[in-house]
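Below you'll find the structure, written out as structure tokens, and then a few comments.
Protein chains in written order, with the numbering used here: chain A, 1 to 106; chain B, 107 to 642.
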């Protein structure tokens with residue numbers, strides 16, 4: 001759905017599919033030379049996953065902006081932002097909000 | 107001449123969540139094609155539109171079954187005992203992501219996920235702790251497990267065996283529905299055909315050995331949660347069900363040997379009457395199709411029994427206390443629709459696993475409906491309503507349109523490979539979200555009646571030490587098992603997987619040898635392959 005909303009706005013989306021490890025996500029992002037990485041996490045493992053994504057990006061010297069979505073408790077958001085997450089979109093977000101955020105990055 | 111003042115209506119069009127136009131009023135004209143004896147009838151009579159039991163809730167209330175699971179097995183065991191103490195009448199187990207995907211807790215893919223969104227189960231040792239002190243011959247246990255369902259069921263059987271409980275005393279349900287995984291929930295391991303084989307194996311094994319077990323819960327819940335309409339939920343679920351039935355029939359069983367133990371699982375969403383009509387239509391379509399295709403002798407082969415859960419996706423993070431009201435209405439739909447068991451969502455579920463207090467309010471909601479509202483006094487109280495009967499018919503017609511499309515595509519597996527149900531669901535989800543964004547559809551607290559301050563709710567935290575402890579327990583078990591027995595069990599399983607024997611006895615022997623869920627899945631993956639999703 002997010003992919004459709006973005007594609008309709010002329011944004012190219014590389015969809016990795018579900019159940020990807022941080023390694024797989026970062027590899028795809030670098031290989032496809034993306035401008036921004038969006039990761040949805042609904043299982044509660046977000047802190048660890050995002051930390052690992054930033055570690056991997058740093059190791060490879062890439063500074064690709066990352067945003068998050070999914071089921072993420074409010075209390076964890078400051079920590080994620082501190083880690084470098086540009087924005088966290090929670091349930092109830094308008095699709096337009098995500099599109100504008102991405103357009104604002106470039 | 108009298109002046110007539112006609113009030114302008116608030117909207118040009120009134121629609122339900124399946125985008126059906128709803129008229130301002132329904133009259134006998136709208137039900138004139140309905141034949142009472144043929145289409146509606148009485149409870150416990152074909153086509154079972156009004157319910158599957160003669161006395162329904164006057165005889166026995168629905169089972170109040172709250173889905174729960176987190177942390178290590180001992181944490182969930184404690185929550186189970188808490189729920190039973192507060193009047194819950196059946197257990198329902200949530201597993202963590204690694205267990206759902208068939209990974210052990212020490213697999214790198216499990217990092218950060220162990221015991222987080224459900225309970226972590228690696229071996230039969232965890233399963234023994236999970237059900238410690240719970241009388242498995244008295245309480246029915248539901249397990250939300252799909253790709254590795256045969257393994258978890260085998261562990262349950264092995265635990266009962268150890269406790270000396272005869273298998274014919276075990277009552278409960280394994281979800282075990284992979285078709286809806288490919289279309290909606292997306293927690294898969296093997297490709298569709300081998301998955302169907304495993305499901306058929308469990309249905310046949312249970313028919314012969316666990317006569318009180320529901321080996322499958324054919325689920326629309328997740329289809330709806332992925333964004334489908336009520337019609338799509340109903341159509342895909344019933345079609346999935348017919349696909350499973352045909353698979354078992356092809357293996358030589360008669361319909362009456364297994365169909366009475368099939369069960370269904372539906373969502374109860376926001377549109378109150380649409381949901382009630384959906385449940386009524388579900389029973390009628392299922393009865394008609396099973397009768398037409400297989401002409402059973404046992405009436406129970408035609409009765410659709412179902413569990414309902416209120417719609418998690420309808421809950422809002424904004425003003426979370428409002429969720430209690432949403433859940434109440436949705437639960438009431440399920441009860442008026444004749445559900446056999448019910449899970450009411452907790453108000454804080456958009457944040458995390460619910461706190462004990464939130465779960466207790468959700469359970470109390472069911473108890474208030476059951477004991478205070480009076481709706482359980484008579485069966486199918488909305489039967490005969492012009493609107494409900496008309497809507498039940500419309501649901502049925504819309505379902506048959508989907509059946510035809512799926513038939514034309516060569517059945518569900520081939521439709522999944524073409525991405526058809528996935529695409530239909532995605533389009534519905536997208537247009538629903540656009541309606542919310544444009545405020546055509548109002549969601550209280552989300553796109554209207556917004557408040558700046560969030561109502562504070564306490565958020566449940568899982569114990570961060572669970573992962574380390576679980577990995578340690580797994581390590582201890584791996585170090586202490588009979589390696590010879592284990593090796594033989596896994597080799598036998600592999601050999602059987604290559605052939606066409608029923609795999610259940612081999613999986614049971616493997617779990618009894620303390621094989622881990624990951625080890626068993628690895629053997630099966632090697633023989634059966636893994637699934638790659640088509641991008642739609």
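Even glycine gets a Cβ: it sits at the ideal position worked out from N, Cα and C. The structure displayed is predicted, hence computed values, not measured ones.
Check, Outcome
"Using a threshold of 7 Å, state whether the C-beta atoms of residue 120 (chain B) and residue 409 (chain B) are closer than that.", "no"
"So, helix, strand or coil for residue 404 (chain B), using DSSP?", "coil"
"Chain B beta carbons: is any one of them nearer than 7 Å to that of residue 83 (chain A)?", "no"
"Round the Cβ separation of residue 266 (chain B) and residue 273 (chain B) to the nearest angstrom and send it over; I've been treating them as touching at under 8 Å.", "7 Å"
"Could you check the C-alpha separation between residue 143 (chain B) and residue 375 (chain B) for me, to the nearest Å?", "30 Å"
"Taking residue 341 (chain B) and residue 380 (chain B) to be in contact with their CB atoms under 8 Å, please state how far apart those CB atoms are, rounded to whole angstroms.", "Rounded, the Cβ-Cβ distance is 14 Å, inconsistent with contact."
"What number of angstroms, rounded off, separates the C-alpha of residue 444 (chain B) from the C-alpha of residue 147 (chain B)?", "15 Å"
"Going along the chain, which unbroken runs of the alpha helix (DSSP H) with 4 or more residues stay wholly within the segment 150-228 of chain B?", "162-165, 179-191, 203-207"
"Mind checking the segment 577-598 of chain B against chain A and listing, in chain order, the residues whose C-beta falls within less than 7 Å of any C-beta there?", "none"
"Closer than 9 Å, Cβ to Cβ, to anything on chain B: give me those residues from the segment 33-47 of chain A, in chain order.", "42, 43, 44, 45, 46, 47"
"Can you list, in chain order, the residues of its chain with a C-beta nearer than 7 Å to that of residue 77 (chain A)? Leave out the 5 residues immediately preceding and following it.", "88"
"Touch check for the segment 351-369 of chain B and the segment 458-472 of chain B: three-plus C-beta pairs under 8 Å?", "no"
"Return the residue from the list B:416, B:162, B:198, B:609 that minimises the CA-CA distance to residue 486 (chain B).", "B:162"
"Which residues mark the beginning and the end of the alpha helix (DSSP H) in which residue 468 (chain B) is found?", "462-477"
"Taking 7 Å as the cut-off, decide whether the C-beta atoms of residue 226 (chain B) and residue 211 (chain B) are in contact.", "yes"
"Looking at the C-beta of residue 79 (chain A), does it have a partner C-beta in chain B at a distance below 7 Å?", "no"
"Just to check my reading of the structure: residue 608 (chain B) and residue 310 (chain B) have Cβ atoms closer than 8 Å, yes? What is that Cβ distance to the nearest angstrom?", "6 Å"
"Between which two residues does the alpha helix (DSSP H) containing residue 624 (chain B) stretch?", "623-634"
"Less than 8 Å between the CB atoms is what I'm expecting for residue 103 (chain A) and residue 543 (chain B), so what's the real figure, rounded?", "The Cβ separation is near 16 Å, so there is no contact."
"In terms of residues, what are the limits of the beta strand (DSSP E) holding residue 68 (chain A)?", "66-70"
"Using a Cβ-Cβ distance cut-off of 7 Å, determine whether residue 69 (chain A) contacts chain B.", "no"
"Report the rounded CA-to-CA distance for residue 199 (chain B) versus residue 491 (chain B), giving the unit in angstroms.", "38 Å"
"Who are the near neighbours of residue 239 (chain B) in its chain, counting only those whose CB is closer than 8 Å to its CB and skipping five residues on each side?", "183, 187"
"With 7 Å as the threshold, decide whether the Cβ of residue 76 (chain A) is near any Cβ in chain B.", "no"
"Could you tell me the distance, in whole angstroms, from the CA atom of residue 63 (chain A) to the CA atom of residue 57 (chain A)?", "7 Å"
"What residues in its chain sit with their C-beta under 7 Å from that of residue 414 (chain B), if we drop five residues either side in the sequence?", "372, 374, 440, 445, 448"
"Let me check understanding here. Comparing Cα to Cα, which of A:15, A:28, A:52 lies closest to residue 217 (chain B)?", "A:52"
"Just curious, the alpha helix (DSSP H) that residue 604 (chain B) is in, first and last residue?", "589-604"
"Check for me: the beta strand (DSSP E) holding residue 249 (chain B) runs from which residue to which?", "246-250"
"For residue 641 (chain B), which residues in chain A fall below 8 Å Cβ to Cβ?", "15, 17"
"Give me the residue from A:30, A:79, A:38 with the minimum Cα distance to residue 6 (chain A).", "A:38"
"Mind checking whether residue 442 (chain B) and residue 488 (chain B) have CB atoms under 7 Å apart?", "yes"
"Using DSSP bridges, identify the partner residues of residue 323 (chain B).", "B:369"
"Here's the rule: buried if 16 or more other CB atoms are within 10 angstroms of the residue's CB, otherwise exposed. What is residue 18 (chain A)?", "exposed"
"Please check if any C-beta of chain A sits within less than 7 Å of the C-beta of residue 286 (chain B).", "no"
"Within this structure, are the beta carbons of residue 178 (chain B) and residue 208 (chain B) separated by less than 7 Å?", "no"
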